[in-house]
Amino acid sequence: MKPGRCFYVYNINIGCLYLIDDGGGSGLVFLKNPYVLTAAHFAAASLAVIIFLAIFEMVTQYKDWEEIKRGNVSVAMATGGKIFGICNIIRYSIQHNDGIGHTLLWSSYGFLLLLIAYFVFEFLTPMFKVDEEIAADNRAVGLLSMIISIAMSYVIGASII
């Protein structure tokens, strides 16, 4: 490189834009680019939500989007609660971590805890099967499932470092 020329390197792991100057002057200048970082977080979070919802759909006895298409309000409430819960956990992960890598790691861990909370809800209701009641459009169970997902996402999110 000729003296005085600069080039940019984006490090996705820590979400920062570096300006590297080989002109013998200031060396490495650290610049944060909030637009690039926001777009990176948005893309990573969107992909994570899609993956996490697909995993949730694998563990339930019903097909979320088919039931929603048929007008099943209970499934819509439960799925909406899952989406809100996942996004809330991702929000806390973004807020407490500098890089996309750590954000996704904590988001994945938070999702695992949210999934465990779903199984605990099923375990604590031995008088009925949560999945069957939601599939049968029992709105009380759908509402409770939504509230549990949302509430637990706040508990999980508060513990993310």
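Using our numbering, you'd call the opening residue of the sequence shown number 10 and step up by one each time. The beta-carbon is built from N, C-alpha and C at its ideal position, and this holds for glycine as well. Model, not experiment: these values are computed from the prediction.
Within 8 angstroms, strictly: CB atoms of residue i and residue j
i      : j      : result
Phe61  : Ile159 : no
Leu113 : Ala49  : no
Rounded C-alpha distance that separates residue i from residue j
i      : j      : result
Thr88  : Cys96  : 12 angstroms
Phe51  : Ser116 : 13 angstroms
Val129 : Val68  : 13 angstroms
Leu122 : Val84  : 21 angstroms
Thr47  : Phe132 : 39 angstroms
Leu124 : Pro43  : 32 angstroms
Asp146 : Val45  : 43 angstroms
Ala149 : Ile103 : 33 angstroms
Environment of residue i [buried if 16+ CB atoms lie within 10 Å]
i      : result
Gly151 : buried
Ala167 : exposed
Ala144 : buried
Val139 : buried
Ser55  : exposed
Closer than 7 angstroms: residue i CB and nearest the ligand NAD heavy atom
i      : result
Asn106 : Only the bare structure without any ligand can be found here, which leaves the ligand NAD out of the picture.
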